[in-house]
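What follows is a set of notes on a single structure, which appears directly below.
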Amino acid sequence: MGSTFFSLHYHIVFSTKERRPLINAGWRPRVHSYLGGIIRRMNGVAEIVGGVADHVHLLASLRPVHCLADLMRDMKKDSSNWVKDNFDRRFAWQEGYAAFTVGPTATNFVRNYIANQETHHGKHSFVDELKELLEKAGVDYDEKYLL
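If you count the sequence shown from 1, you need to add 88 to reach my numbering.
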């Protein structure tokens, strides 16, 4: 094959330290925009970034050269420092993240899911949401790491 073709979409979820509600609604859109900017600087595409006070969801298209673990490490470090400098000195992200591959036929569903996080979390906790995402993706997990 004379070229490289790829379609690499990821639904990425990560929370604030101890899932504390640190992402204030007044500056939440700026945090989401900043996270999207980090992905763009790394030559990825942030299709949508959303979330609530204690966690973030991203739908991102990445290139084959990206190492997801490195991208997440750099994104969390950079954004945490930015939030501390601009909004809240106490801010920190929780260690770890959840990442799921998303096929092209499911990207619209995931995009809508992320866009409706405020409504969704009126009914479901983050832990319940994460368990559901992990189970639907067939990911084994130890519940002690979710609490």
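The C-beta atom is built at its ideal place from N, Cα and C for all residues, glycine as well. Everything numeric in this text was worked out from a predicted model, so none of it was measured.
Item	Value
For Ile126, the three-state DSSP class (helix, strand or coil)	helix
Minimum length 4: unbroken alpha helix (DSSP H) runs contained in the region 109 to 161	116 to 129
Other residues of its chain near Glu223: CB distance less than 7 Å, five sequence neighbours each side excluded	none
Element boundaries [beta strand (DSSP E), containing Phe188]	186 to 190
From Lys232, Ile136, Val140, Asp173, residue whose alpha carbon lies closest to that of Phe197	Ile136
Exposed unless 16 or more other CB atoms sit within 10 angstroms - verdict on Phe102	buried
Pairwise C-alpha distance: Thr92 and Val140	37 Å
Cutoff 6 Å; reference Met163; Cβ partners in own chain excluding five residues on either side	Ile126
Cα-Cα separation, Asp228 to Asp216	15 Å
Contacts around His145, its chain only, beta-carbon distance under 6 Å, and the 5 residues preceding and following it disregarded	Val101, Gly138, Gly139, Ile202
8 Å Cβ shell around Glu106 - same chain, five flanking residues per side excluded	Gln182
Of the residues Gly191, Arg178, Ala186, the one placed nearest His143, counting alpha carbons only	Ala186
Limits of the alpha helix (DSSP H) - the one that Phe214 falls within	214 to 224
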